[in-house]
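Trainee:
Residue numbers (the working numbering), protein chains in the order written: chain A, 1 to 352; chain B, 353 to 704.
1. Are residue 346/A and residue 312/A closer than 8 Å when you measure CB to CB?
2. Less than 8 Å between the C-beta atoms of residue 257/A and residue 349/A, yes or no?
3. Which residues bound the beta strand (DSSP E) around residue 140/A?
4. Determine the direct distance from the alpha carbon of residue 587/B to that of residue 651/B, and round the result to whole angstroms.
5. In terms of residue numbering, what span does the alpha helix (DSSP H) encompassing residue 461/B cover?
6. Using a Cβ-Cβ cut-off of 7 Å (strictly less than) and excluding sequence neighbours within five positions of residue 560/B, which residues of its own chain qualify?
7. When DSSP labels each residue in this structure, what does residue 277/A get in the three-state scheme?
8. Identify, in the order they occur along the chain, each residue of the same chain with its Cβ nearer than 7 Å to the Cβ of residue 677/B, setting aside the five sequence neighbours on each side.
9. Once you ignore the five residues that flank residue 307/A on each side, which residues in its own chain have a CB closer than 7 Å to its CB?
10. Tell whether a beta-carbon distance below 8 Å holds between residue 675/B and residue 656/B.
11. Can you tell me whether DSSP reads residue 161/A as helix, strand or coil?
12. Could you pull the start and end residues of the alpha helix (DSSP H) that residue 410/B belongs to?
13. Let me know if residue 48/A comes out buried or exposed under the rule of 16 or more other beta-carbons within 10 Å of its beta-carbon.
14. Based on DSSP bridge pairs, tell me the residues matched to residue 575/B.
15. Using a Cβ-Cβ cut-off of less than 9 Å, list which residues of the region 633 to 660 of chain B approach chain A; keep chain order.
16. Could you tell me whether the Cβ of residue 10/A comes closer than 8 Å to any Cβ of chain B?
17. Three-state secondary structure (DSSP) at residue 528/B?
18. Which residue or residues does DSSP assign as beta-bridge partners of residue 81/A?
19. Give every residue of the same chain whose Cβ lies closer than 8 Å to the Cβ of residue 424/B, excluding the five residues on either side of it in the sequence, and list them in chain order.
20. Mind listing the chain B neighbours of residue 177/A? Cutoff is C-beta to C-beta under 8 Å, in chain order.
21. Look at the Cβ atom of residue 442/B, then the Cβ atom of residue 615/B, and state whether they are nearer than 8 Å.
22. Quick one: using the 10 Å Cβ neighbour count with 16 as the cut-off for buried, is residue 411/B buried or exposed?
23. Give the residues from the region 256 to 282 of chain A that approach chain B closer than 8 Å (Cβ to any Cβ), ordered along the chain.
24. If you measure from the beta carbon of residue 341/A to each beta carbon in chain B, is any gap under 8 Å?
25. Any beta-carbon of chain A closer than 8 Å to the one on residue 422/B?
26. Over what stretch of residues does the beta strand (DSSP E) that includes residue 584/B continue unbroken?
27. Can you tell me which of the three DSSP states residue 329/A falls into?
28. Given this structure, state the Cα-to-Cα distance separating residue 183/A from residue 219/A, to the nearest angstrom.
29. Rounded to the nearest angstrom, what separates residue 653/B and residue 330/A at their Cα positions?
30. Below 8 Å on C-beta distance, what does residue 444/B contact in chain A?
31. Only counting the same chain, and skipping five residues up and downstream in sequence, which positions put a Cβ closer than 8 Å to that of residue 247/A?
32. Helix, strand or coil for residue 191/A per DSSP?
33. Where does residue 436/B land, buried or exposed, given buried means 16+ other C-beta within 10 angstroms?
34. Against chain B, with Cβ distances strictly below 8 Å, would residue 131/A count as a contact?
35. Threshold first: 3 residues or longer. Then list the beta strand (DSSP E) segments lying entirely within the region 583 to 671 of chain B, N to C.
36. Express the C-alpha separation of residue 646/B and residue 545/B in angstroms, rounding to a whole number.
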C-alpha cells in the first residue's frame, strides 16, 4: 500500500496551485453553483450529480478552505500536527516544545492523533487543510501516496519529524532510528548476550519501528547471528503490551538473556513482568528501551535506552515551518544526534 | 480576574445567535463589503477604518467561520479540545478515549494546549471557533468571563471535564476533586501523620488544584489541625518540580512525616528526591499522589493515589457533545466516582 519510492516521486512534483471551484465544476461538467450546492446543501442536489461532484472533489483533492480567507494575508497562523498517539508521553515533550517555539512566531498549534492508522492520518490531513492550517507537522515518512499528493496539490508546507532519510526530498527533521538502535544493540551483543528477544511496535506502516529492528539485525549480523535467531514480537506501544509479551516470552521455550524493546513504554512494561516472574534485572535478564522519556529514569533499575532530543526536534521543526511560511528554504533534511543513556537495566550476560 | 459567579451568570444567558457580517458593519458604521475587505485584504483598507472594524469584530466576538459552510448541514464534524498541557500523561488517556468515542460519532478531534494560561486558552477558543469547530471540550470551570461570553455569543456547545460543581449550569463531566482528596487525606491523618506537607500546582486559575488542597485542609480541620500547620508549596506539575520542592522541604526546618502531592507527577518527583536524600518511603516518609496515571503503579514503592476514571470521563464527554450536537439535552452536570488506590507509598507515622 505504501511505497516510499512513489512517495518520493510524488514529493518531487512541483506544488501545483490548489484546485479551484471552477476546476471541480469543469471536471464534473456542472456549474460552480452546483458544486457549492453539493458542498453546502447536498440535500438540494440529485444523488447522481452529488456523487459525481464529490468524486471529483476527492480526485482533485479540492478542500474548500474558506477559513484561510478569514485572516489577513490569507493566513490563519494555525499549524496542524498529526501524531500517531496522544497516550503515553512518547510525543508529548517534543510537541510541547514545538508549540512553544511556534508561539514565538505567532503561530497556534492544533493537534490530531491518528492512532497509527495511515487511513485516519489521511482524513486528518484533509480536515486540517479544510480548517485552514497554514502548514503541517507529520511523524515519519511512511504514508499513502494519496496523502502526499493531497499535500502537493494544495502546496501546503509540511515538515516530517521523528525520522531521517538521507535520500529524502521532504523537509524532515529527525534522527537515524536504525543507526541509533544499532549502536545500542552493539553494546548488548558486546556484553555477551546472544539469546536476545525483540519487542517492537508493528513495523507495517511505521518506518521508525522498522528501522529500529533493522538496527538490531545489523548488529546481530556483525557478530555472526542470523536475524531469525532473535525472537521478534510485534505489539502496539503500551506498558500493558510490553508486560504481556514479556510474560509470553518467559513462558516460551527459549529464555532470552536480554530483551531489546522498541521504546521505553514497552521496556517499562517488560521490566515489570520480569520482576513479577521473580527475575532480577539485569542479573537474570537485561532490558533496554528507546526514547529516554521520563519513566526511563524513574523505574528501578533505571532503564538503559537511547536518548532522543525530543525538545530540540520540536523546536527545530517549528523553525523549519516558520522559515517555509516566510518563503525561506531550510536545509533538507536535518539530522539530529541521539545518544545511549547507560543506566542499570543492561548488564553482562550472567555466567550461569 | 476570574469570578465564577460571573461565569455562572454568563452561562445562564441564553445563547445569542452568532453576530453576522451585517452586525459588524452596522456597529462599525461601514458597509459589509468594507468589513470583509478588512478581514480578507486589509491592505486595501485605510488603517483607521481597518482598526475600527477589527475592534468591533473583537467586541462582538465575530469569528468569521466560512469553514463551517464547507460541509453538509453547516457542520464541520470537527470538535476542539483545549487541555492545559500535552506534557506528562495527565490528560493523555482521557483525551485518547474522548477521541475514540468521537470517531464512533463521525467526529474528528483537534487539540490545543493552553500551558495553564487563561489568556492563551481564550485565544485558542477563538482560533478553534474561527477554524469551524462544532463544539469544544474544556478543562475545569475557571476561565475569564470573556471566554464564556465568546462561547455564549457563538452558541457553540461545550462540555467541561475534570471538574464537578453541583451548582454549575455548564454541561460538565468530572469528579469532586475536593471530596476525593479529602478522603485520601483522612487516611493520611488516620495513620497518625500530623507533620504533613502539601506540594500543589499553582492554585490561581486552576480550580482542580485549589479544590484538592481544600480537601486536605478539610481533613486537617477534622483532626483539629489548623491549615497553617501544614507546609504548602505551589509549583507547576512536573517530575523535576516535585523533586526540587521535596529537596527544599527536606532542607527546611520542619521535617514532614507525610507529603501529599497535587498529582502523581509531582509525587513521583518527590519520591525520587526522598530516596536521593537517603529516606525510605514509607518508613521515614509517606508520599501520596492524585490521578493514578501509569507511572503511579511503576515506581517503587507503588504510589498510593486517587484513581480518576480518565477513560470513562473522556468517553462520557464525547457522548455529551454528540448529544448536544444532535439537539439533545444531556444531564448537567455529570459526577463520576473516584477511588483511593492503596499501594506501598503511604504507611503509618514512624514511631520514632
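Glycine included, every Cβ here is placed at the ideal spot set by N, Cα and C.
Mentor: If we stick to the structure as given:
1. Not closer than 8 Å, so no.
2. The answer is yes: Cβ separation under 8 Å.
3. Counting along the chain, residue 140/A sits inside no beta strand (DSSP E), nor does DSSP assign it H or E at all.
4. Going by the C-alpha atoms only, they are around 21 Å apart.
5. Looking at the DSSP string, residue 461/B is not in any alpha helix (DSSP H); the run it does join, the beta strand (DSSP E), is 460 to 465.
6. So the qualifying residues of the chain are 492, 514, 515 and 529.
7. Of the three classes helix, strand and coil, the one that applies to residue 277/A here is coil, per DSSP.
8. So the qualifying residues of the chain are 486, 487 and 509.
9. The residues are 292, 338, 339 and 341.
10. Going by C-beta atoms, residue 675/B is not nearer than 8 Å to residue 656/B.
11. If DSSP states are grouped into helix, strand and coil, residue 161/A belongs with the strands.
12. Unbroken alpha helix (DSSP H) run through residue 410/B: 399 to 412.
13. Counting other Cβ atoms within 10 Å of its Cβ, residue 48/A stays below 16 and is therefore classed as exposed.
14. DSSP, once it has assigned bridges, lists no residue as partnering residue 575/B.
15. Shown in chain order are the members of the region 633 to 660 of chain B whose Cβ falls below 9 Å from a Cβ of chain A: 646, 647, 649, 650, 651 and 652.
16. Bear in mind that a pLDDT of 35 at residue 10/A, under 50, signals an unreliable position, so the number given afterwards is only what the model happens to contain. Closer than 8 Å: no.
17. Here residue 528/B sits in coil by DSSP.
18. Partner residues in the beta bridge of residue 81/A, as assigned by DSSP, are 111/A and 137/A.
19. Low confidence applies here, because residue 424/B scores a pLDDT of 36, under 50, leaving its location unreliable; read the following figure in that light. Result list for residue 424/B: empty, nothing under 8 Å.
20. None at all; the shortest Cβ gap to chain B is about 22 Å.
21. Cβ distance < 8 Å, so residue 442/B and residue 615/B count as in contact.
22. Residue 411/B comes out exposed.
23. Within the region 256 to 282 of chain A, the qualifying residues are 268 and 272.
24. It does not; no Cβ of chain B falls within 8 Å.
25. Bear in mind that a pLDDT of 35 at residue 422/B, under 50, signals an unreliable position, so the number given afterwards is only what the model happens to contain. True, the Cβ-Cβ gap to chain A drops below 8 Å.
26. Taken as a continuous stretch (DSSP letters only), the beta strand (DSSP E) holding residue 584/B covers 583 to 586.
27. Here DSSP, grouped into helix, strand and coil, assigns residue 329/A to coil.
28. The straight-line gap from Cα to Cα measures roughly 8 Å.
29. For residue 653/B and residue 330/A, the gap between their C-alpha atoms comes out near 48 Å.
30. For the C-beta of residue 444/B, the chain A residues within less than 8 Å are, from N- to C-terminus, 86, 87, 88, 89 and 92.
31. Excluding positions up to five away in sequence, the list reads 273, 276 and 277.
32. Collapsing the DSSP output to three states places residue 191/A in coil.
33. The residue is buried, with at least 16 neighbouring Cβ atoms inside 10 Å.
34. Between residue 131/A and chain B, the shortest Cβ-Cβ separation is below 8 Å.
35. Runs found: 583 to 586, 610 to 613, 638 to 640 and 657 to 659.
36. For residue 545/B and residue 646/B, the gap between their C-alpha atoms comes out near 27 Å.
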